[in-house]
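J.: Heads up: the sequence shown begins at 13 in this note's numbering, then just goes up one per residue.
Please find one structure pasted underneath; my questions will follow.
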Amino acid sequence: MARRQPLKCAWSPRPAPASAPRAPPFAQGVMKKFFPPLFPLLLLLSPSCHAQSFDDRMLPEGSKDIYVGLALQSSVGFGAAIGRPGALFPLLQAEWSNGVFLRGIGQVGWRLSESPGLSYGPLLQWQNGRSPTDAADLAGSREIRPGPRLGGFVDLFRGDELCLSGMALAADGGDLVVTISARKSLPQPAAHQRVSLSLALTGANGAHMRKIYGLERGYAPSGGLVNVYAGADWSWELNHSWVLGTELGLSRLGAPVADSPLVGRRSSLLFSVGLARRF
C-alpha cells in the first residue's frame, strides 16, 4: 500500500442522515421523540470523505493518528419558538497505518485501496435499539433491536481540494441506507487554518423508513429521500496537539421522514464548536 505523512486534521462534517436512533457517527438534527439530536460536528474530525484530510494515501507503517475531544452543539428549527439547548458530546477519531479507522463510538472501517485518488473499503456500524416504551412520545412506534449495520464506502479525490464520497449501510430485514456527499476545500484564510464546504444527500428504502419512522398502525412510509445537509466548517490547528473547529449547517428532511408523527421540525439550522487533542 502507498504511504503518507501523518495526517493533518481537516475538521469537517459527517453529513447528517437523520436515519436511525443510534450512537455516532450520524447526525439526526431535526428529530424529536427518538433521542437527543446528534449534529455533524459530533464527528468534527471526520470529514465527508473517509479520511482525516484530502490525502488518499495510507499512514506511514507503524504510525497512527488519534483525536479525542468534546463538542458543544445546538440547533434552531425554522418556525419553532425555541431551539434545542446546547449539549456536550464526545469527539473521537483514530486511524492506523494498516488502514483501519474508528469514527466515534459506533463505526469502524478499513481503507483497502492502493490507487492514488481512490479510497474504498468496508464499514461496520452499531445501531442502538429502541422500544415504544422508552418514552411516551414513542407510543405506537416499531421496536428496533440493537445490532450491526454492514456496508462500505468509496471516496474519489481530485487533488487536495475536492472529495466525492458514497456510502451504503444495510441491516437485518432488508434495511438499506445510502449517502452521497461532496466536500470542497477553500483557500486557507491564514496559516494552520482551513475552511471547507460540504453537501450530502441520504436516501433509504421502504424497509428502513418503516422501521425507523413508521408506526405500527397509521403510518408506513415508502422509500425515498431521508435528509439533505449543507454546511460550512472552519478549523484551526493551534499547535501539533490541539485543534479547534466550528461548523454551521442546514439540515432538511425528505417528505417520507418529515411526515412521520415521530419527527419534529423539517428544517433546522445546526451549530457546533469543538476542541480535540491529537495523540
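Cβ atoms here follow ideal geometry from the backbone N, Cα and C, with glycine treated the same way.
If you're wondering where the values come from, they're calculated on a predicted model, not measured in any experiment.
Nearest to W122 by alpha carbon, out of Y132, G116, P128?
T.: Checked all of Y132, G116, P128; the closest Cα to W122 is Y132.
J.: With which residues is P102 paired in a DSSP beta bridge?
T.: L82
J.: A265 to R142, Cα distance in whole Å?
T.: The amino acid occupying residue 265 in the given sequence is Leu; Ala does not appear at that position. C-alpha separation (whole angstroms): 21 Å.
J.: Among L274, L162, A244, which has the Cα closest to the Cα of A151?
T.: L274
J.: Roughly how many angstroms lie between the CA atoms of L136 and L162, to the nearest whole one?
T.: 5 Å
J.: Could you name the residues of the same chain whose beta carbon sits closer than 8 Å to that of G236, not counting the 5 residues immediately before and after it, in chain order?
T.: G215, A216, M221, G266, A267, P268
J.: Compare the C-alpha of Y231 against each of R154, L174, L198, I117 and name the closest.
T.: R154
J.: Check whether the stretch 254–261 touches the stretch 278–287, counting contact only when three or more Cβ pairs, one atom from each stretch, lie closer than 8 Å.
T.: yes
J.: Identify, in the order they occur along the chain, each residue of the same chain with its Cβ nearer than 6 Å to the Cβ of F113, setting aside the five sequence neighbours on each side.
T.: E107, G121
J.: Among Y225, G185, N140, D172, whose alpha-carbon lies nearest the alpha-carbon of V207?
T.: D172
J.: Drop a sphere of 10 angstroms on the beta-carbon of T191, count the other beta-carbons inside from all chains shown, and report buried for 16 or more, exposed for fewer.
T.: buried
J.: Quick one: grab the DSSP three-state call for N192.
T.: Strictly speaking, residue 192 in this sequence is Ile, with Asn absent from that position. Here I192 sits in strand by DSSP.
J.: Indicate the three-state DSSP secondary structure (helix, strand or coil) for G186 in the structure shown.
T.: helix
J.: Which one or two residues does DSSP pair with N239 in a beta bridge?
T.: DSSP, once it has assigned bridges, lists T214, L265 as partnering N239.
J.: What's the C-alpha gap between W254 and G286?
T.: 11 Å
J.: Tell me the DSSP secondary structure of Y231 in three-state form.
T.: coil
J.: Assign L124 to buried or exposed, taking buried as 16 or more other Cβ atoms, counted over all protein chains shown, within 10 Å of its Cβ.
T.: exposed
J.: Keeping to the same chain, check which residues put their C-beta closer than 7 Å to that of G159; ignore five residues upstream and five downstream.
T.: Q139, A183, D184
J.: Would you call P134 buried or exposed, if buried means 16 or more other Cβ atoms sit within 10 Å of its Cβ?
T.: exposed
J.: Hey, how far is the Cα of A147 from the Cα of R195?
T.: 37 Å
J.: Under the three-state reduction of DSSP, which class applies to R161: helix, strand or coil?
T.: strand
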